[in-house]
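Note sheet for the following structure.
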Amino acid sequence: QQPVQSPQAVILREGEDAVINCSSSKALYSVHWYRQKHGEAPVFLMILLKGGEQKGHDKISASFNEKKQQSSLYLTASQLSYSGTYFCGTERWGNAGGTSYGKLTFGQGTILTVHP
Amino acid sequence: GAGVSQSPSNKVTEKGKDVELRCDPISGHTALYWYRQSLGQGLEFLIYFQGNSAPDKSGLPSDRFSAERTGGSVSTLTIQRTQQEDSAVYLCASSFDPNYGYTFGSGTRLTVV
Chain A
1 QQPVQSPQAV ILREGEDAVI NCSSSKALYS VHWYRQKHGE APVFLMILLK
51 GGEQKGHDKI SASFNEKKQQ SSLYLTASQL SYSGTYFCGT ERWGNAGGTS
101 YGKLTFGQGT ILTVHP
Chain B
117 GAGVSQSPSN KVTEKGKDVE LRCDPISGHT ALYWYRQSLG QGLEFLIYFQ
167 GNSAPDKSGL PSDRFSAERT GGSVSTLTIQ RTQQEDSAVY LCASSFDPNY
217 GYTFGSGTRL TVV
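Structure below.
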């Protein structure tokens, strides 16, 4: 099943904060976050793993609530460059007999627009 | 190479023709994935390669779709007898370790007329 992202769209002024949520009905091994600008490739932002480990870069943070199977991406002090569509991709626990190989099911995306 | 390279960037084909889409992953990345993105939609998994093997082909929509990878490097996605519903952006991604995320290519925009 496709994870559900909310909100579908958000409009901000520079410097404002935003939170994007990603919920799954299945037990998850990992949650990936990507940002895609129009006509460009999705760019990796962050991965959150079962057990609490996080791997990522840039000034973006995220959380993963294993009980709720929900992840949230926190964008603070937004910049114009943050504009784009944000996708979460989830990997189910138990893929390929318990071995992770990165098969992701992506949400429908959240369109973030930052205005000056 | 420095990034994941896909070719062609755009392809317009007539319904019923066959097409080949190419992906050149980052050197050393053993894992390679194909996804499809339809207009305004999220990314749909098609197939995963580890080296030259494809342990998971579960996302291929029909037997008109096939893919191969040679030399642990370049991959080709072939669509036979294209249909209008095949129109989409086909994205390739590679990774040295899925726990560190993917690097996506810029995609091939396929239009079937």
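Each protein sequence line maps, in turn, to chains A and B. Start counting the first sequence at 1; every next residue gets the next number (the numbering used here). Start counting the second sequence at 117; every next residue gets the next number (the numbering used here). Cβ coordinates follow ideal geometry from the N, Cα and C atoms, glycine included. Note that this is a predicted model, so its numbers are computed, not measured.
### Task
Tell me, please, whether the CB atom of residue 52 of chain A is closer than 9 Å to any CB atom in chain B?
no
#### Entry: Assigned secondary structure, residue 25 of chain A (DSSP; H/G/I helix, E/B strand, else coil)
coil
#### Entry: In DSSP terms, what residue 202 of chain B is bridged to
Answer is none; residue 202 of chain B lacks a bridge partner.
### Task
Mind checking who residue 150 of chain B pairs with in its DSSP beta bridge?
B:163, B:208
### Query
Excluding the five sequence neighbours on either side, which residues of its own chain have a C-beta within less than 7 Å of the C-beta of residue 142 of chain B, listed in chain order?
117, 119, 120, 210, 219
#### Entry: Closest by C-alpha distance to residue 111 of chain A, when choosing among A:103, A:93, A:86
A:86
#### Entry: Sub-9 Å separation of residue 11 of chain A and residue 76 of chain A beta-carbons
no
### Query
Applying a beta-carbon distance threshold of less than 8 Å, which residues of chain B neighbour residue 107 of chain A?
158
### Query
Which value, in whole angstroms, describes the spacing of the CA atoms of residue 132 of chain B and residue 29 of chain A?
40 Å
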